[in-house]
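First the structure, in the form of C-alpha cells, and then the observations on it.
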Amino acid sequence: MTSTATFHSSPPRHELSVEHQKIVKSTAPVLAEHGVAITSHFYKRMLNNHPELRNVFNSAHQDTGTQPAALAHAVWAYASNIDNLGALTTAVSRIGHKHASLGITPDQYPIVGENLLASIKEVLGDAVNQPLLDAWGAAYQQLADIFINFERDLYQKAEQTSGGWTGWRKFKVARKVPESDEIISFYLEPVDGGKLPSFQSGQYISVRVFVPELGVYQPRQYSLSDTPDGKHFRISVKKESAKGLTPAGRISNVLHENVPEGAEIDVSNPYGDFTLDVETDVPVVLISGGVGITPMLSMLGTLVDHAPTRKVVFVHAVRGGNVHAMKDYLSRIMKENPQVSRLIFYENVAEAELEGVDYDYKGRIELEKVRDKVLLPDANYYLCGPIPFMQSQQKSLEALGVPSERIHSEVFGSGIA
Numbered sequence: 001m002t003s004t005a006t007f008h009s010s011p012p013r014h015e016l017s018v019e020h021q022k023i024v025k026s027t028a029p030v031l032a033e034h035g036v037a038i039t040s041h042f043y044k045r046m047l048n049n050h051p052e053l054r055n056v057f058n059s060a061h062q063d064t065g066t067q068p069a070a071l072a073h074a075v076w077a078y079a080s081n082i083d084n085l086g087a088l089t090t091a092v093s094r095i096g097h098k099h100a101s102l103g104i105t106p107d108q109y110p111i112v113g114e115n116l117l118a119s120i121k122e123v124l125g126d127a128v129n130q131p132l133l134d135a136w137g138a139a140y141q142q143l144a145d146i147f148i149n150f151e152r153d154l155y156q157k158a159e160q161t162s163g164g165w166t167g168w169r170k171f172k173v174a175r176k177v178p179e180s181d182e183i184i185s186f187y188l189e190p191v192d193g194g195k196l197p198s199f200q201s202g203q204y205i206s207v208r209v210f211v212p213e214l215g216v217y218q219p220r221q222y223s224l225s226d227t228p229d230g231k232h233f234r235i236s237v238k239k240e241s242a243k244g245l246t247p248a249g250r251i252s253n254v255l256h257e258n259v260p261e262g263a264e265i266d267v268s269n270p271y272g273d274f275t276l277d278v279e280t281d282v283p284v285v286l287i288s289g290g291v292g293i294t295p296m297l298s299m300l301g302t303l304v305d306h307a308p309t310r311k312v313v314f315v316h317a318v319r320g321g322n323v324h325a326m327k328d329y330l331s332r333i334m335k336e337n338p339q340v341s342r343l344i345f346y347e348n349v350a351e352a353e354l355e356g357v358d359y360d361y362k363g364r365i366e367l368e369k370v371r372d373k374v375l376l377p378d379a380n381y382y383l384c385g386p387i388p389f390m391q392s393q394q395k396s397l398e399a400l401g402v403p404s405e406r407i408h409s410e411v412f413g414s415g416i417a
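Using the UniProt record's numbering, you'd call the opening residue of the sequence shown number 1 and step up by one each time.
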C-alpha cells in the first residue's frame, strides 16, 4: 500500500477532524517504540532523494543519531498532544526560531511530509493502513501550517527591522580574538557595509561555511556574545575536541583553523527566544557552564548599560583557569558596577590561581552551598551550558523553592531541522 496524501507548501490553516485526532493519538505508543527507526529511515531517504538539503541539516547530528532521536521525540510529542496543541507552544517557538535562522522555506515542508509519511509505511509495513496514512497526512499538514505561519511572522519582522534580512548575508571576519585556550571570539562585519539590526540579548545567529571533505555547506548556531552596536556581531566559539566516541566539532574546528581574519562566511539574521526580560526591574541570576557563558555576556552587558539598578549575580563554572573566557571583562564590569557580583567555580585549580581573585569556589556548582547569594526576591534565573548541566541547575533551583516559570534556559542541539 502506498501513500496518496498530497502536501502543499502554503495551504490554508485547518484543524484535524476528531476521527483523525483519535487515530494519530492512538499511534503515540507505536512512535515511542519505533520512532527513532522511522526518523532514521526518514533522514536517509530524504537526503538521498534531495541531496541539496545536506546543506541545511547538521551532518554531525546525523552521524551521532541525535537528530533522528530529536525528531522522533517531537513527532511523539505531537501525536500525544494532537488534541492539545497549546502544550507544544514552547517547542514550536524554539524550533521555529532555529528554522528561521536556517532559512527554511514553505516549499521544503512538502518534501519533509512526503518522506516522513513514506518512512512510516516502509518501516512499519503491513501494520499501517490507509486510514492511518490519511490521518498522519492531515496531521503533518496541520503541523506544517503551524510552522510556516510562525516562521513567516519571524521573516516579516526581520525584513521590517532596520538592518534586518532573511536568508544568508555575507560577512567578513574582521577580527579573531583568543579568549581562552579553547574559545576564540569572531568579530563579524557585513561585506555590503550596511547596517545591522538590533537584537535581544540571548539570541543567536546561524553561521554557514563550506566543508570541502563533505562537499556541502554546513550551518551552526552561535549565541551573540556582545551587545548590539549596529556595526558588527560577535560570536565566541569553543573549539570542540574529540572525546572518546564523540568526534571533534567539525565546524568549530573549521572556524578556528581554516577561517582567518578577512575571510567571508554566510550569516543569518539574529533569532532565538531565550532572551532577557528587560521590562522588569527584578534581580537577575545568570548561571552558565563552559562556553554557555556566551549569551550571558550579552545579557550582562545589556543589564549594566540599560538597567544599572538591577542586581545581577553572575555564576559561572569551568574546568579551570586556562579555559575561563572573558575573565578580565567580568572583573572590569564588577569594578564599574557595584550591583554586579560573581560566583566563579573552578573544577581544577592551578597553583598560581588565587581564591577570590581568579575564582571563588573549587569544584562544581552547588547552589545549595551558596543559596544566600543566589536566592534573591522575585529573581529571574537564566541557564546556559551542556544539557546535563542545565538539568542539574534547574533541579537545584526548584529544590530551593524557585518557581519553574522564573527559570529560563537555552538549548542548542537538534530540532526538526
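Heads up, the beta-carbon is just placed ideally off N, CA and C, and yes, glycines get one too.
Predicted, not measured: the structure shown is a model, and the values here were computed from it.
Cβ atoms of residue 298 and residue 316 stay farther apart than 8 Å, at about 14 Å. Between the alpha carbons of residue 205 and residue 234 lies a distance of about 10 Å. The residues 238, 239 and 323, in chain order, have a CB closer than 6 Å to that of residue 182 in the same chain once the five nearest residues on each side in sequence are set aside.
Residue pairing by DSSP leaves residue 141 without any beta bridge partner. Note on residue 387: under 16 other CB atoms within 10 angstroms of its CB, so exposed under the neighbour-count rule.
Linking residue 378 to residue 359 through their CA atoms gives a straight-line distance of about 27 Å. In the structure shown, the three-state DSSP call for residue 341 is strand. Take the alpha-carbon of residue 60 and the one of residue 95: they are about 18 Å apart. Here the stretch 71-88 lies against the stretch 19-36, with 3 or more beta-carbon pairs under 8 Å apart.
Residue 137 is classed as buried because its beta carbon has at least 16 other beta carbons within 10 Å across all chains shown. The beta carbon of residue 224 is closer than 7 Å to those of 199, 203, 204, 205, 233, 234, 235, 270 and 298 in its chain, skipping five residues each way along the sequence.
Taken through DSSP and simplified to helix, strand or coil, residue 228 comes out as coil. Distance from the CA atom of residue 40 to the CA atom of residue 243, rounded to whole angstroms, is 24 Å. In this structure, DSSP gives residue 354 a state outside helix and strand, which the three-state scheme calls coil.
Remark: C-beta atoms of residue 210 and residue 190 do not approach each other more closely than 9 Å. Residue 210 carries a strand assignment under DSSP once its states are collapsed to helix, strand and coil.
For residue 218, the enclosing beta strand (DSSP E) begins and ends at 216-223. DSSP, read as helix, strand or coil, puts residue 176 in strand. Here the alpha carbons of residue 177 and residue 52 stand approximately 34 Å from one another. Secondary structure of residue 318 (DSSP, three-state): strand. Burial state of residue 380 is buried, judged by a 10 Å Cβ sphere holding 16 or more other Cβ atoms.
In the DSSP assignment, residue 48 falls within the unbroken alpha helix (DSSP H) covering 28-49.
Positions of the beta strand (DSSP E) runs, each at least 3 residues long and wholly inside the stretch 348-407, are given as 380-384 in order along the chain. Assigned with DSSP and collapsed to three states, residue 251 falls in helix.
If the five residues before and after residue 268 are omitted, its C-beta is found closer than 6 Å to the C-beta atoms of 101, 205 and 206, all from its own chain and listed in chain order.
The beta-bridge partner set that DSSP reports for residue 188 consists of 173 and 233.
In the same chain as residue 143, and ignoring 5 residues on each side of it, the C-beta atoms closer than 7 Å to its own belong to 78, in chain order. Annotation: the continuous alpha helix (DSSP H) that includes residue 113 extends over 109-124. Scanning 192, 261, 139 and 369 for the CA closest to the CA of residue 27 turns up 139. Comparing alpha carbon positions, the residue from 155, 86, 43 and 180 closest to residue 115 is 43.
Within the same chain, and ignoring the five residues on either side of residue 69 in sequence, the residues whose Cβ sits closer than 6 Å to its Cβ are 36. Note that the C-beta distance between residue 304 and residue 348 is not below 9 Å. The beta carbon of residue 393 sits closer than 6 Å to those of 287 and 383, all from its chain and outside the five residues before and after it, given in chain order.
For residue 92, the uninterrupted alpha helix (DSSP H) run begins and ends at 89-102, by DSSP. If you ignore the 5 residues before and after residue 88, its C-beta comes within less than 7 Å of the C-beta of 77, 78 and 81, all in its own chain and listed in chain order. Assignment of beta-bridge partners to residue 289 by DSSP yields 317.
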